[in-house]
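Down below is the structure, laid out as structure tokens.
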Amino acid sequence: MSTTARYDVENGVATVTLDGPGRKNPLTFELYAELRDWFRARGGDAAIKAIVLTGADENFCSGGDVHDIIGPLTSQSPERLLEFTQMTGDLVKAMRACPQPIVAAVDGVCAGAGAILAMASDLRLGTERSNVAFLFVRVGLAGSDMGACAMLPRIVGLGRASELLFTGRAMPGPQALAWGFYNEICEPQALPGRARELAGMLAGGPTQAHATTKRMLHEEWAMPLDDAIDAEARAQALCMQTNDFRRAYEAFVEKRLPRFAGD
5 MSTTARYDVE
15 NGVATVTLDG
25 PGRKNPLTFE
35 LYAELRDWFR
45 ARGGDAAIKA
55 IVLTGADENF
65 CSGGDVHDII
75 GPLTSQSPER
85 LLEFTQMTGD
95 LVKAMRACPQ
105 PIVAAVDGVC
115 AGAGAILAMA
125 SDLRLGTERS
135 NVAFLFVRVG
145 LAGSDMGACA
155 MLPRIVGLGR
165 ASELLFTGRA
175 MPGPQALAWG
185 FYNEICEPQA
195 LPGRARELAG
205 MLAGGPTQAH
215 ATTKRMLHEE
225 WAMPLDDAID
235 AEARAQALCM
245 QTNDFRRAYE
255 AFVEKRLPRF
265 AGD
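Position one of the sequence shown corresponds to residue 5 (my numbering), numbered consecutively onward.
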């Protein structure tokens, strides 16, 4: 049975669960495209304010399926291979362009393209028993996959990213936390609830402001500092025109917590 994705929405939080029964939730050609299209469609979805990305059966995702993806790729034309690598990269682009914050809840195996999905999320929660591995080198491929050479050094540092990408070794949960890949470590049984709690807190915040923060974090990677300061001035001035900004001020004056509405 191929991996599917389950989509559940509650109180403004969408939970995307990769579900490949007994197979550690590998990715298939179809699932790559499905996830890409789903994240692309969230730009105009006002009902979803935050996203949890997780896996079923105590694992996150084992990456590209050996039989469904890796095997067929060995006999594809150069043109088809480029189509595939561009399509997988488009999934990361869709996640980064998706305005809602994405919380990855990682347990068990998180390998290959699965590790990329966790990396492309905005926040990452893990467990001590989880293992994150960018194992492309183990199948004779470069670490330059789906943006890993650009994004991973910004999360864990250049030297640490180099080690992970050159060796393909697994990074256990405590080390992933110490290196800054995880924001937090949870007990396995507490991970789903904690991820929903964090996503719910984000969903209750000023959603336009969150979307601006995410966009500016992405856009300012390649900006000189002076350009970044100017870009942030323009972005913040737009946020100051929202009703949520006014609501926050009124709540402060009235000594109560603000109730944001996302406009």
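Every residue, glycine too, gets a C-beta built ideally from N, C-alpha and C.
Quick one: is Tyr11 buried, meaning 16 or more other Cβ sit within 10 Å of its Cβ, or exposed? The residue you call residue 11 lines up with position 7 of the sequence shown. Around the beta carbon of Tyr11, fewer than 16 other beta carbons lie within 10 angstroms, which makes this residue exposed.
To the nearest angstrom, report how far apart Ala54 and Glu14 are at their CA atoms. Within the sequence shown, residue 54 is the residue found at index 50, counting from 1. Within the sequence shown, residue 14 is the residue found at index 10, counting from 1. Taking the Cα positions, Ala54 is about 10 Å away from Glu14.
Leu156 and Ala146: beta carbons closer than 8 Å? Taking the first residue of the sequence shown as position 1, residue 156 is located at position 152. Taking the first residue of the sequence shown as position 1, residue 146 is located at position 142. Taking 8 Å as the Cβ cut-off, Leu156 and Ala146 do not qualify as a contacting pair.
Can you tell me where the beta strand (DSSP E) with Cys114 in it begins and where it stops? Position 110 of the sequence shown holds residue 114. Cys114 -> beta strand (DSSP E) spans 113-115.
6 Å CB neighbourhood of Ala98 in its chain, flanking five on each side removed: Here residue 98 corresponds to residue number 94 of the sequence shown, with the count starting at 1. Within the same chain, Cβ atoms closer than 6 Å to the Cβ of Ala98 are found at Arg40, Phe43, Arg44, the five residues on either side in sequence being excluded.
I'd like the ranges of any beta strand (DSSP E) spanning at least 3 consecutive residues and lying wholly in the region 115-185. Complete beta strand (DSSP E) runs here, min 3: 127-131, 135-137, 174-176.
What does the alpha-carbon distance come out to for the pair Gly116 and Asp69? As a first step, residue 116 must be located in the sequence shown, where it is residue number 112. As a first step, residue 69 must be located in the sequence shown, where it is residue number 65. Approximately 10 Å between the Cα atoms of the pair.
Do you know offhand how far Asn29's Cα is from Ala180's? Translated into the one-based positions of the sequence shown, residue 29 becomes position 25. Translated into the one-based positions of the sequence shown, residue 180 becomes position 176. For Asn29 and Ala180, the distance between alpha carbons rounds to 21 Å.
Taking all protein chains shown into account, decide if Arg250 is buried (16 or more other Cβ within 10 angstroms of its Cβ) or exposed. Here residue 250 is taken as the residue at index 246 of the sequence shown, counted from 1. Arg250 sits exposed, since fewer than 16 C-beta atoms from the chains shown fall within 10 Å of its C-beta.
List the DSSP bridge partners of Ala108. The count along the sequence shown starts at 1 and reaches residue 108 at position 104. DSSP, once it has assigned bridges, lists Leu57, Arg128 as partnering Ala108.
I'd like to know whether the C-beta atoms of Gly172 and Ala137 end up nearer to each other than 8 Å. Numbered from 1 along the sequence shown, position 168 holds the residue referred to as residue 172. Numbered from 1 along the sequence shown, position 133 holds the residue referred to as residue 137. It is a contact, given that the beta carbons lie within the stated cut-off.
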